[in-house]
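**Q** Protein chains in written order, with the working numbering: chain A, 472 to 585; chain B, 15 to 131. Ideal Cβ placement from N, Cα and C applies to all residues, glycine included.
1) Of the choices 30(B), 41(B), 88(B) and 92(B), whose alpha-carbon is the least far from that of residue 60(B)?
2) Which partner residues of residue 580(A) appear in the DSSP bridge assignment?
3) Give the DSSP bridge partners of residue 500(A), in chain order.
4) Give me the Cα-Cα distance between residue 570(A) and residue 521(A), rounded to the nearest whole angstrom.
5) If the cut is a Cβ gap below 7 Å, which residues of chain B does residue 574(A) touch?
6) If you count every other CB in all the chains shown that lies within 10 Å of the CB of residue 567(A), and 16 or more means buried, which is it?
7) Out of 131(B), 67(B), 125(B) and 37(B), point me to the one whose CA is closest to residue 513(A)'s CA.
8) Would you say residue 474(A) reaches chain B, if we count a Cβ-Cβ gap shorter than 8 Å as a contact?
9) Just mark residue 585(A) as buried or exposed, buried being the case when its beta carbon has 16 or more other beta carbons within 10 Å.
10) Grab me the residues of residue 97(B)'s own chain with a C-beta within less than 7 Å of its C-beta, minus the 5 sequence neighbours each way, in chain order.
11) How is residue 111(B) classed by DSSP in three states: helix, strand or coil?
12) Using DSSP's beta-bridge definition, name the partner residues of residue 70(B).
13) So with Cβ pairs under 8 Å, would you call residue 512(A) a contact of chain B?
14) Could you give the DSSP three-state label for residue 35(B): helix, strand or coil?
15) With respect to the beta strand (DSSP E) encompassing residue 126(B), which residues constitute its N-terminal and C-terminal limits?
16) Using 8 Å for Cβ pairs, my map puts residue 583(A) next to residue 544(A). What's the rounded Cβ distance?
17) Can you pull out the residues from the stretch 528 to 552 of chain A whose beta carbon lies closer than 9 Å to at least one beta carbon of chain B?
18) If we count Cβ pairs, one from each stretch, closer than 8 Å, do we get three or more for the stretch 67 to 85 of chain B versus the stretch 476 to 489 of chain A?
19) What's the gap between the Cα of residue 39(B) and the Cα of residue 550(A)?
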């Protein structure tokens with residue numbers, strides 16, 4: 472089942488912060504985050520595994536709450552280059568550790584204005 | 015490394031015609047995935063292969079769709095006959111998945127924009 476992302480769209484000024492949420496109805500083994508710019512392929516940002524870890528990548532970080540089956544992506548002091556559509560991809564626990572294809576949410580459109 | 019290579023980039027065809035999309039994964043990657051992207055449904059997993067063997071094709075919409083991976087460096091997705099509702103961007107992605115979870119990230123190709131008139 473497709474994870475639910477919120478919000479659907481965000482418009483920010485450069486330097487502002489944003490949070491994108493991803494929730495699943497299934498117990499999760501991992502959550503992936505990807506960014507896609509218009510007309511391009513999705514590009515990997517990070518993976519979070521069950522265990523409630525948090526990761527950071529420059530000014531982009533994420534958390535994973537396996538009990539709530541939720542993940543959040545945090546963009547701090549946003550830059551123009553952060554514009555794009557952000558997708559979370561989930562891998563359910565049932566079926567083993569990481570043997571299945573990802574199920575992606577519908578995406579969150581992020582627009583950064585100067 | 016050239017990355018995942020897909021061809022063609024754009025395909026325009028008429029309803030009823032056969033369409034073949036091609037993908038060359040990154041050398042050494044054991045997993046290959048086919049995804050379809052539309053505005054309405056987002057990114058949908060169609061099928062994936064492990065070591066050239068189809069593992070899960072439950073996402074293939076109907077029998078008009080078929081996929082093959084004859085060797086480690088080539089895969090095709092075929093639609094026969096094509097219909098206007100098949101219009102979408104089709105992505106191929108590969109993944110190494112040989113070292114545990116850290117290697118599960120997907121490397122996407124540039125996609126094929128398919129328009130069926």
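**A** Per the coordinate set shown:
1) Working through the second chain from its first residue, we reach residue 60(B) at position 46. If we check each option's Cα against that of residue 60(B), 92(B) comes out closest.
2) Indexing the first chain from 1 puts residue 580(A) at position 109. Partner(s): 480(A) and 556(A).
3) For the purposes of this step, residue 500(A) is identified with residue 29 of the first chain, where counting begins at 1. DSSP, once it has assigned bridges, lists no residue as partnering residue 500(A).
4) Translated into positions along the first chain, residue 570(A) becomes position 99. Translated into positions along the first chain, residue 521(A) becomes position 50. The pLDDT assigned to residue 570(A) is 49, lower than 50, so where the model puts this residue is not dependable; a value taken from the coordinates is nonetheless given after this. When rounded, the distance between both Cα atoms is 15 Å.
5) Locating residue 574(A) in the first chain gives position 103, counting from the first residue. Within chain B, the residues near residue 574(A) are 59.
6) In the first chain, residue 567(A) corresponds to position 96, counting from 1. For residue 567(A), the predicted structure reports a pLDDT of 48, less than 50, and the residue's modelled location is therefore unreliable. A value from the coordinates is still provided. Around the beta carbon of residue 567(A), fewer than 16 other beta carbons lie within 10 angstroms, which makes this residue exposed.
7) Within the first chain, residue 513(A) is the residue found at index 42, counting from 1. The shortest C-alpha separation from residue 513(A) is found at 125(B).
8) Looking up residue 474(A) in the first chain gives position 3. Chain B, which has no Cβ nearer than 8 Å to the Cβ of residue 474(A), makes this no.
9) As a first step, residue 585(A) must be located in the first chain, where it is residue number 114. So residue 585(A) ends up on the exposed side.
10) To locate residue 97(B), count along the second chain from 1; it is residue 83. These residues qualify, in order along the chain: 29 and 130.
11) One-based indexing of the second chain puts residue 111(B) at position 97. Residue 111(B): coil per DSSP, three-state reduction.
12) By one-based count along the second chain, residue 70(B) stands at place 56. Residue 70(B) is bridged by DSSP to 62(B).
13) Mapped onto the first chain, residue 512(A) falls at position 41. Yes, contact with chain B.
14) In the second chain, counting from the first residue as 1, residue 35(B) sits at position 21. Residue state, collapsed to three classes: strand.
15) Locating residue 126(B) in the second chain gives position 112, counting from the first residue. That run of the beta strand (DSSP E) goes 126 to 130.
16) Taking the first residue of the first chain as position 1, residue 583(A) is located at position 112. Taking the first residue of the first chain as position 1, residue 544(A) is located at position 73. That belief does not hold up - the Cβ atoms of residue 583(A) and residue 544(A) are roughly 14 Å apart, past 8 Å.
17) none
18) no
19) The count along the second chain starts at 1 and reaches residue 39(B) at position 25. The count along the first chain starts at 1 and reaches residue 550(A) at position 79. Using only the alpha carbons, I get a separation of about 32 Å.
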